[in-house]
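Residues in the first sequence are numbered consecutively from 0, following numbering that gives the first Met the number 0. Contents: one structure, followed by commentary.
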Amino acid sequence: MSEDARGLGAPKGTRDILPPESWGWQDVLRLAMDTFAAAGYAPIETPAFEHTEVFERGVGATSEVVGKQMYTFRDRGNRSLTLRPEGTAPVMRAVLEHNLHRGPLPVKLSYAGPMFRQERPQKGRYRQFFQVGIEAIGSDDPRVDAEIIEVGSRFYRAAGVETRLLLNSIGHLDPSCRQGYVKLLVGYLEDNESSLAPEDRERIQTNPLRTFDSKEATTKTVMEEAPLISDHLCSACRGHFEAVTGLLAEVGVPFTLEPRLVRGLDYYTRTAFEWVASGLGSQDAVGGGGRYDGLSESLGGPPLPGIGIAPGLDRIMLARSAAVAPRSPVQVYVVAVGEAAKPASFGLATSLRAAGVGTELDLMGRSIKGQMKDAARSGARWAAILGDDEISSGTVMLKDLDSGEQETMPVEQLRSRVGS
RNA sequence: GCGGCCGUAGCUCAGCCAGGUAGAGCACCCGGUUGUGGUCCGGGAUGUCGCGGGUUCAAGUCCCGUCGGUCGCCCCA
């Protein structure tokens, strides 16, 4: 059942996240932001849409994301706007706009929010999906790369997701480095063009690096012998990458060198990586990231190196062990016995909530039995039972729903009793 | 954007092949004597059979289209 009877289901590729799963969603989101904050990354909020140019210039017009997947529209002022397909270019735009790079460097920011790409939906791939992320802008020190990657890996572990970190360096844009390598690769591909799958032949000119991602058996065979970027990095990029891997090894972050790893957004340079989880089919990347040392200049800013990661919440929720049940926020359920107890139970629930104790009560006029059942269902540890007898004596009967034991006590004692 | 499979109660699904008055389990509500849950027993409510069209005396069942989901391609989180 997907369409509402009125024909108003959530739009294709979008979805509602309902209780109880939404509790877990909130837990993971909070865990991410706390993990980032503990490493000094401050939250930033940017708009859900930007001038289209931010992505065309930032992410790159030749990328699949910008070329085919953006939600672009005109507003009433005839401006071309685009729902953000990713979070890094908007953050860089905000940094440049507000001159954050004129302050202490690196600028360390975290964000969380929905992203939008118009693709064919399937499990783990939605048109509106949710990413969290961090960006460190203004330093090309390998320790920044290592810090960002370590924080990301720690987050996955804490969230209960088993991942493998795939790591590569794709060099920087210079004839001595990636440009030279790409020339070499194009030459190799042209020499072997007849052995490539037809759809991969077009890529030779448009996006030769992506041939490494091809699933076509014939192309894969060709690519096994292809020159690797790792063998053609300039000495600076090679040194940078060796420093990054050395630091990761030192702090015990496991990784797998993946010399064929390339990424889909044009701004990536040097360090590039993905976290993959098992059991998600072909949508196995639960997060990725990399360095983007040319992004600032693409957006008209000064030279300003940066690096970031973007874990995807939707896939993380699919990948984490389903056993992690969220804790119920309700501790006490107030049971009202008889009409007279209704206002009193409402007052008791209110004062418990004001004291910070998670409290629920019957709002449906249920019988005592019905209320007890509802109490059990709410996940509350205690039922606070209030009837004529208790009201007249200023007491309340507190029942431990696990053990079944109950005792009567003055109302004033209730709070300290359930506070533990 | 392309291809395979699927779409019946809130949920998971049976019924479809061989057309003949819509089912199960779970969940939900009430009750098992008047103030006590999670077990058990009894009872109850709930469906435009995704949507539209066609074939037929008759369509959940056959045919076509469409929308949505899912898996693969593509791409990526």
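Where is the CB? At the ideal position from N, CA and C, for every residue including glycine. Note that the structure is predicted; figures quoted are calculated from it, not measured.
Rounded to whole angstroms, what's the CA-CA distance from glutamine 370 to leucine 397? Just pull it up for me. 14 Å
Compare the C-alpha of leucine 80 against each of Lys341, Phe115, Ala37, Val356 and name the closest. Phe115
Here's a check: name, in chain order, each residue in its chain whose Cβ is nearer than 7 Å to the Cβ of valine 417, leaving out the five neighbours to either side. Gln330, Val331, Val356, Trp381
I need the DSSP call for threonine 268, collapsed to helix, strand or coil. strand
Does DSSP put methionine 69 in a helix, a strand or coil? coil
Local Cβ density within 10 Å of phenylalanine 72, reported as buried at 16 or more and exposed below that: exposed
Return the first residue and the last residue of the alpha helix (DSSP H) that valine 243 is part of. 234-249
Select from Pro207, Cys236, Phe128, Ala196 the residue whose C-alpha is nearest the C-alpha of leucine 183. Pro207
Compare the Cα-Cα distances from glycine 427 to each of Val252, Asp399, Ile228, Leu227 and report the closest residue. Here the chain covers residues 0 to 419 and nothing more, so residue 427 does not appear.
Please go through the same chain and pick out, in chain order, the residues whose beta-carbon is closer than 6 Å to the beta-carbon of alanine 340, but skip the five residues on each side of it. If we look at alanine 340 and ignore the five residues flanking it on each side, its Cβ neighbours are Leu385, Gly386.
Would you tell me roughly how many angstroms separate the C-alpha atoms of histidine 50 and asparagine 77, rounded to the nearest one? 11 Å
Report the option in Arg75, Ser377, Ala60 whose CA atom is closest to the CA atom of leucine 68. The question names leucine, yet the displayed sequence has glutamine at residue 68. It is Ala60 whose Cα lies nearest to the Cα of glutamine 68.
Which residues does DSSP list as the beta-bridge partners of alanine 335? Leu385
Considering Cα atoms alone, identify which of Val131, Ala375, Met316 is closest to glutamate 20. Met316
Is it right to say glutamate 189 is buried, meaning 16 or more other beta carbons lie within 10 angstroms of its own, or is it exposed? With a 10 Å radius around the Cβ and a threshold of 16 neighbouring Cβ atoms, glutamate 189 comes out exposed.
Quick one: any contact between the stretch 120-132 and the stretch 238-246, if contact means 3 or more CB pairs under 8 Å? no
Distance, Cα to Cα, leucine 351 vs proline 328? 13 Å
Tell me whether arginine 209 counts as near the ligand PLP, meaning its Cβ is closer than 7 Å to at least one heavy atom of that ligand. Inclusion of the ligand PLP in the displayed structure is not the case, the ligand content being empty and no account of it being possible.
Excluding five sequence neighbours on each side, which residues of the same chain lie with their C-beta closer than 7 Å to the C-beta of threonine 162? Tyr155, Trp274, Val275, Ala276, Val285
Could you give the DSSP three-state label for arginine 92: helix, strand or coil? helix
Beta-carbon proximity list for valine 143, same chain, < 8 Å, skipping 5 on both sides: Pro105, Ala135, Ile306
Does methionine 363 pass the burial test, meaning 16 or more other C-beta atoms within 10 Å, or should it be called exposed? exposed
Does the separation of the CB atoms of arginine 314 and leucine 279 fall below 8 Å? Yes, the Cβ-Cβ distance between arginine 314 and leucine 279 is below 8 Å.
Extent of the continuous alpha helix (DSSP H) run through isoleucine 306: Counting along the chain, isoleucine 306 falls outside any alpha helix (DSSP H), though it belongs to the beta strand (DSSP E) covering 305-310.
How would you call glycine 170, buried or exposed, if buried means at least 16 neighbouring beta carbons within 10 angstroms? buried
DSSP state of glutamine 130 mapped onto helix, strand, coil: strand
Taking C-alpha atoms, which residue in Tyr70, Pro46, Ala36, Pro18 lies nearest to glycine 12? Tyr70
Simplified DSSP state of leucine 80, which is helix, strand or coil: strand
Straight-line CA distance for glutamate 338 to tryptophan 22? Their Cα atoms are separated by approximately 34 Å.
Three-pair Cβ contact test at 8 Å for the stretch 81-92 versus the stretch 285-300: yes
Is it buried or exposed, valine 65, if we count other Cβ atoms within 10 angstroms and call 16 or more buried? Valine 65 should be labelled buried.
Helix, strand or coil for phenylalanine 48, going by three-state DSSP, please let me know. strand
From Pro304, Gly179, Glu149, residue whose alpha carbon lies closest to that of glycine 245: Among Pro304, Gly179, Glu149, the Cα nearest to that of glycine 245 belongs to Glu149.
Put isoleucine 147 into one of helix, strand or coil per three-state DSSP. helix
Can you round the beta-carbon distance between proline 258 and asparagine 167 to whole angstroms, since I take them to be within the 8 Å contact cut? 6 Å
Assigned secondary structure, lysine 122 (DSSP; H/G/I helix, E/B strand, else coil): coil
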